[in-house]
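Residue numbers (this note's numbering): 1379 to 2202.
Where is the CB? At the ideal position from N, CA and C, for every residue including glycine.
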Amino acid sequence: MYKISRVAALIGALLPASVIAQSIEGTVNNSDGEAIIGALIRVEGSTSKTVTDQAGRFVIDNLNAGKNEIHLAVSGYAHLHQDIELAEDDVKTVNLTLSRSPIEVIDIVSTPIHMSVMESAAPVNVIAGETLRRQQAATLGDTLEKLPGVQTNFHGNVASTPIIRGLSGPRVLIAQNGLDVSDVSRVGPDHSVAAESSTSQQIEVLRGPATLFYGSGAIGGVVNVVDGRVPTDSTTRGEWLIENSSVNDQKLGSFNLTTGSDSFGFYADGYWRESDDYEVPVSPESDHDDHDDHDDHDDHDEDHEEHDFVVENSAEESSGFTLGGSYLFDKGYVGVSVEQFNREYGIPGHTHGEEEDDHDHEDEAAEENVFADLEQTKVQILAEYNLDNDWVKQINLRSGFTDYEHAEIEAGETGTLFENETQELKLDIIHSTFSDWNGGVSLHYKNSEVAAQGEEAFTPPSKAQTIALALMEEKHMGDLLLQFGLRVERVTLEASDVLLPTLEAHDHEEETDDHDHDHEDEHDHDEETNITRVFAADHEFTPVSVSAGLVWEFTEGYNLGLSISRSQRAPSASELLSFGPHIGTGSYEVGALFALHQEEDETHIGLTEQNIDLETANNIDLTLRKSQGDLAFVFNVFYNQVDNYYYQADTGLFAESGHDHDHGAEEEADEHSDELPVYIFQTDDVILHGFEAQLAWQATNEFKATVFSDMVRARLKDGGNLPRTPPMRFGTQLSYENQNLSAHLDITRYQEQDKITAAETVTDGYTMVDASISYDIPMFNQDIAVYLEGNNITDTEARVHTSFIKDVAPRPGRNISLGVRGYF
């Protein structure tokens, strides 16, 4: 990537200074006076950048006269900012020293202003390199759950999305290279994210409102998966991976490659993964009657000796490949990529009725297992053009088209088909520096058409369109960094065939002996008689988001960050228009467009008379950081008040699931086996507050210890808890790394979660122990690493409170993975 820059550094060292006008040259060393190789040096407000050579030397020329702010970054060291004044035809020689930082500092690449864990006003995290490869899992949420402030809604090892500070679903945007991943993972927890971590370069997490960069769908945060599918250079490099895991006999292979010529860059990646049902240390079904004795697992251990337990229907097979190419020129690049993503996976807990325990029914149960068949084709066009004028410095273009299809297969037939077709365009215009302000204007357009057909099509086909204009700016003023942003959107939601069915809902507590569920009669009705009304919905919203922040380096190596934001979000189609059974969440969902009406002694559901309002979040973040030396830390506290928060409230009613399955005589005794609790979306004011803490100590050059903790308290403003709030946790990682060997031990404690709603149960705490060891073997002009990893080494029963199926699908038991990966 930096071949041209190294040539420039060599020429700069050989030519006399008078030949290169308005240049900065020099060396970069560490505090021991040793040269730092490969340090990235760039000039803020310009496109000029280079890296240091084998002697730590660099040169950057063709700079403007006046103040030039340079930024240095390299793995293992704290970033450095320094202002350098240049006169006309001036050449400055500088000797720069970087201080070690035991907390890895990686820049966000997808935002027009500079952001990193140690320098931005808003809290961010980036996971990349060896850390990403060590923590990668089959699903995105499970990959990121060791980051402070991020947990997973674990869904039987086959699907998961990240939960950021207690928020997920339509409030956390999943992006790929800055563009919406455009699947249906935000609609249901059993829907897999259509993005692969094994071929990615880094994954960026913006905690708290990220609406300025991504729109109102990121009111709770954003996760951006970054890869090199559209190459920005032609340097030949790549990596490959082969791995096998014991707990589910998972086999994984992946690779990515970048190469090309002077004017053309080429990229390719691919992966294949296959696994069986995963093993668990206890019977998957939880017995809440034994909760008072949750610390005593003797019974579980005894069962474990007699049985091998697995979570049924948790196998998966997935594959994908990407091809990309770019035309490279002096002032930028333009490129295109095409990805094909395929995933077929079982959906644990996706059943209609009671489970069969008799082995005579195993074949019948297998036939009733539901699995998902996911296919996605994604095209991305990325471009960058650098201008040399007094007004515009750079133009960045991101455009994408996604065709997504997700079929849920029951008994060999498609029960429900989800489709999403999305077109998206982002145009960032970065202005030249004026009065020391750097930033630009972003134009954003997105059009999504989502449809679902079949038994669980609980949301009608809809079209959502977003048009937005955003302004983002930052300025360094001595020891202060100021950041400011404003975004205005126009969001429209259209659906032509919204259904208001006749819902036979009832309260179990009020049932009498005269109440008879004549299921056969209900299913004999003509379908049209069950629809009260069909109508069109057309809603328009204007979310406005504003953010301001500052970072104050009050003494060398320490800074204090403050971020204040007000963000608005338009409700999603599922939050407004849902009306039907959602087996993935085990509920009958009714959208906010509808309401419960009480007439005499009867309760029915009709259209709401309330206004459909924007959700508004008022968020404040305070961060204290130490970035240099053998000891570094990041402490965050946050307070987020969300007005008109859309959430599902338990109505106390139950309704038929709508599935006409013959479950046999044993189930006829349970007249409620095919019923689901009715939840209706409503709005309320909520408060979320908590903290994230991370401290790292570099004890020696080889040994490092890291501790972390995070907690979020999510409650209704007028009293009561929000459902599925992540528990408090704390943990430590001990690391040893030398030239060839690296070893890591992770111990994480998840506390009991008893801040629950009436429909939830308390989740016991548990401790997870993971370990890994890797040895590098240089051969065949590659860096090859052989590694051994162990997860849940103590084989602990661990149920994830944020999971919709925690009572039937705990985390996997003890797992041993053996693999080899290579870099070239």
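Distance CB(residue i)-CB(residue j) smaller than 7 Å
| i | j | result |
| --- | --- | --- |
| R1358 | L1590 | Because the chain here runs from 1379 to 2202, residue 1358 falls outside it and cannot be looked at. |
| E2175 | V1660 | yes |
| E1657 | V1608 | no |
| K1756 | T1780 | yes |
| L1476 | A1443 | no |
| P1587 | K2082 | no |
| T1800 | S1840 | no |
| S1560 | N1798 | yes |
| L2066 | A2033 | no |
| R1947 | S1594 | yes |
| Q2006 | G1927 | no |
| R2199 | L1821 | no |
| L1706 | G1643 | yes |
| F2011 | K2004 | yes |
| L1782 | L1803 | The amino acid at residue 1782 is misidentified as Leu; the sequence shows Tyr. No. Outside cutoff. |
| D1853 | I1808 | The amino acid occupying residue 1853 in the given sequence is Lys; Asp does not appear at that position. In this structure, I1808 does not lie closer than 7 Å to K1853 by Cβ. |
| E1617 | L1630 | no |
| I1491 | S1945 | no |
| P1373 | E2138 | Residue 1373 is absent from the structure shown; the chain starts at 1379 and stops at 2202. |
| A1500 | S1941 | yes |
Supposed contact pair residue j and residue i - C-beta distance, whole angstroms, cut 8 Å
| i | j | result |
| --- | --- | --- |
| T1986 | D2021 | So it is not a contact: roughly 18 Å between Cβ atoms. |
| I2183 | L2166 | With 8 Å as the limit, I2183 and L2166 do not qualify as a contact, their Cβ atoms being about 31 Å apart. |
| L1525 | V1583 | 6 Å |
| T2110 | I2125 | 6 Å |
| V1929 | S1498 | 7 Å |
| P2055 | S1950 | Not really, about 21 Å apart at Cβ, beyond 8 Å. |
| T2103 | Q2060 | Rounded, the Cβ-Cβ distance is 18 Å, inconsistent with contact. |
| Y1649 | S1570 | Their Cβ separation, rounded to whole angstroms, is 14 Å, which puts Y1649 and S1570 out of contact at 8 Å. |
| D1916 | E1872 | 5 Å |
| V1876 | P1838 | 5 Å |
| I1581 | V1601 | 7 Å |
| L1752 | A1761 | Incorrect: roughly 29 Å between the Cβ atoms, too far for contact. |
Among the options, nearest to residue i - alpha-carbon criterion
| i | options | result |
| --- | --- | --- |
| G1984 | L1752, I1541, G1964 and L1955 | L1955 |
| L2000 | E1953, G1434, F2069 and S2035 | F2069 |
| Y2057 | M2106, F2081 and T2029 | T2029 |
| S2087 | G2098, A2027, I2065 and Y2128 | Y2128 |
| H1784 | N1774, G1724 and L1775 | G1724 |
| E2053 | E1967, D1520, Y2017 and F1707 | E1967 |
| S1692 | S1653, L1474 and S1623 | S1653 |
| L1441 | T1430, T1517, E1422 and S1453 | E1422 |
| T1577 | R1511, S1923 and T1910 | R1511 |
| S1664 | L1765, G1727 and D1814 | G1727 |
| F1862 | N1816, T2145 and T1613 | N1816 |
| R1420 | E1412, A1413, F1436 and A1973 | F1436 |
| L2009 | R1478, L1474 and I1448 | R1478 |
| D2277 | S1575, D1708 and G1599 | No information on residue 2277 is available, as it lies outside the stretch 1379 to 2202 that the chain covers here. |
| P1662 | Y1645, D1431, P2190 and H1982 | P2190 |
| Y2144 | L2123, H2179 and S1941 | H2179 |
| H1884 | L2031, L1765 and G1790 | L2031 |
| Y2153 | T2141, N2170, M2146 and A2121 | A2121 |
| V1469 | D1439, I1448 and I1484 | D1439 |
| I1845 | F1919, M1855, I1542 and Q1529 | F1919 |
Below-7 Å beta-carbon distance, residue i vs any chain C residue
| i | result |
| --- | --- |
| E2053 | No chain C appears in the structure shown, which is made up of a single protein chain. |
Residue i - partner residues in DSSP beta bridges
| i | result |
| --- | --- |
| R2093 | I2065 and N2099 |
| N2079 | Looking at the DSSP assignment, N2079 forms no beta bridge with any residue, so it has no partner. |
| E1993 | R1947 |
| G1648 | F1633 and F1699 |
Cβ neighbours of residue i in the same chain (closer than 7 Å, five flanking residues each side left out)
| i | result |
| --- | --- |
| M2089 | G2068, F2069 and M2106 |
| Q1579 | A1506, V1604, D1605 and G1606 |
| D1568 | H1533, A1537, I1725, H1728 and G1962 |
| D1899 | Because the pLDDT at D1899 is just 45, under 50, the model does not fix this residue reliably, and the value given afterwards should be weighed accordingly. Once the five neighbours on either side are set aside, D1899 has no close Cβ partner at all. |
| Y2024 | P1949, E1953, A1970, E1993, F2059 and T2061 |
| G1434 | T1405, V1406, N1407, A1413, I1414 and I1415 |
| E1733 | Per-residue confidence for E1733 stands at a pLDDT of 41, beneath the threshold of 50, marking its modelled position as unreliable; the derived number appears in the next sentence. None. |
Residues near residue i in its chain [Cβ-Cβ closer than 6 Å; skip 5 each side]
| i | result |
| --- | --- |
| E2044 | A caution first: E2044 carries a pLDDT of 43, below 50, which makes its placement in the model unreliable, though a value can still be read off. Correct list: empty, nothing qualifies. |
| D1904 | Any reading at D1904 must be qualified, since the residue scores a pLDDT of 42, below 50, and its modelled position is unreliable; the value itself is stated next. Cβ neighbours of D1904 beyond the five flanking positions: none. |
| S1943 | P1587, S1925 and N1997 |
| T2214 | The structure shown has nothing for residue 2214, since the chain only spans 1379 to 2202. |
Sequence-distant residues of the same chain with beta carbon closer than 8 Å to residue i, five excluded per side
| i | result |
| --- | --- |
| D1894 | With a pLDDT of only 47 at D1894, under the threshold of 50, the placement of this residue in the model should not be trusted; the figure read from the coordinates follows. Within the same chain, D1894 has no close Cβ partners at all. |
| D1857 | W1930, E1931 and F1932 |
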